[in-house]
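One structure is given here, and the rest of the page talks about it.
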Amino acid sequence: MADQPKEVKLYGNEFGGYATMVHSALKLKGVAYEYVKEDLQNKSEELLRLNPVYKKVPVLVVDGEPIAESLVILQYIDDVWKNPPLLPEDPYKRAKVQFWADYVYHKLAPPASGIRRSEGDARKKAEEEFVANLITMEDGIREELWSAGGSFINGEKPGLLDVIMGSCYKGLKYLEDVAGVKLAEKDRTPLLCSCMEAFVELDVVKRP
Numbered sequence: 014m015a016d017q018p019k020e021v022k023l024y025g026n027e028f029g030g031y032a033t034m035v036h037s038a039l040k041l042k043g044v045a046y047e048y049v050k051e052d053l054q055n056k057s058e059e060l061l062r063l064n065p066v067y068k069k070v071p072v073l074v075v076d077g078e079p080i081a082e083s084l085v086i087l088q089y090i091d092d093v094w095k096n097p098p099l100l101p102e103d104p105y106k107r108a109k110v111q112f113w114a115d116y117v118y119h120k121l122a123p124p125a126s127g128i129r130r131s132e133g134d135a136r137k138k139a140e141e142e143f144v145a146n147l148i149t150m151e152d153g154i155r156e157e158l159w160s161a162g163g164s165f166i167n168g169e170k171p172g173l174l175d176v177i178m179g180s181c182y183k184g185l186k187y188l189e190d191v192a193g194v195k196l197a198e199k200d201r202t203p204l205l206c207s208c209m210e211a212f213v214e215l216d217v218v219k220r221p
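Below, the structure is given as structure tokens:
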């Protein structure tokens, strides 16, 4: 059995959903780590050294070696700290989870950014795109992954998609306040809404 990493640091920002995903995954795995808060308007030389390509958070540093990009980091965390697993063992289900994880980054994140950064007709268009894409995700997960009997997308225990969507819950509520409209409604996306709510209520996730 390989030795466990001795020093783990997470460079992030409390307003960043991507860093929150990594926080949540580390907490679920029971990993002790040091949190290094970054000012995104005045990024540290250390962050720029650790992530010279994208120059952004999150960056996970394990025994001095940096890993950048949240989805890559989440995969790394699941590979290094095996329990509890975030990804299913079955290759088909694993691929489906990875597909929908990628979907969040490419189909939900862009219109979410549009809602935050635009106004008027442009914001309305971004809102409609976000809601339509969220409904598509709800339908796809319900058909391909979900099985009744658990509080989470993954079942009785949270998995990768729960980490990703649950970590976005507060940001989603912020977007709804900005837009003045409901983006995630239980009558349209009941599964995703209930799973996100269950995730943020986990004691281990609420713990500082």
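Start counting the sequence shown at 14; every next residue gets the next number (this note's numbering). Glycine is no exception: its CB is placed at the ideal position from the N, C-alpha and C atoms.
*From this set, E140, D200 and G168, which residue's C-alpha is nearest L185's C-alpha?*
E140
*Own chain residues within Cβ distance below 7 Å of G163, not counting five before or after*: Around G163: E169.
*Answer with buried or exposed for V75, where buried requires no fewer than 16 other C-beta atoms within 10 angstroms of its C-beta.*
buried
*If you follow the beta strand (DSSP E) that G25 is part of, which residue opens it and which one closes it?*
V21 to G25
_Would P101 and L23 qualify as a contact pair, given that the criterion is a beta-carbon distance under 8 Å?_
no
*Cα separation between P79 and T149?*
Each residue's alpha carbon lies about 35 Å from the other.
*Residue of L158, L147 and A122 minimising C-alpha distance to Q111*: Selected option, being the one with the closest Cα: L158.
*When you compare only the Cα positions, how much space is there between M14 and V21?*
Annotation note: pLDDT 43 at M14 (below 50); position unreliable, no value reported.
*Is it right to say V12 is buried, meaning 16 or more other beta carbons lie within 10 angstroms of its own, or is it exposed?*
Residue 12 lies beyond the range of the chain shown here (14 to 221); nothing can be said about it.
*What residue from E198, L39 and D200 has the CA that sits closest to N96's CA?*
L39
*Span separating the alpha-carbon of H36 from that of G25*: Straight-line Cα distance between these residues: approximately 9 Å.
*As assigned by DSSP and simplified to three states, the class of K68*: coil
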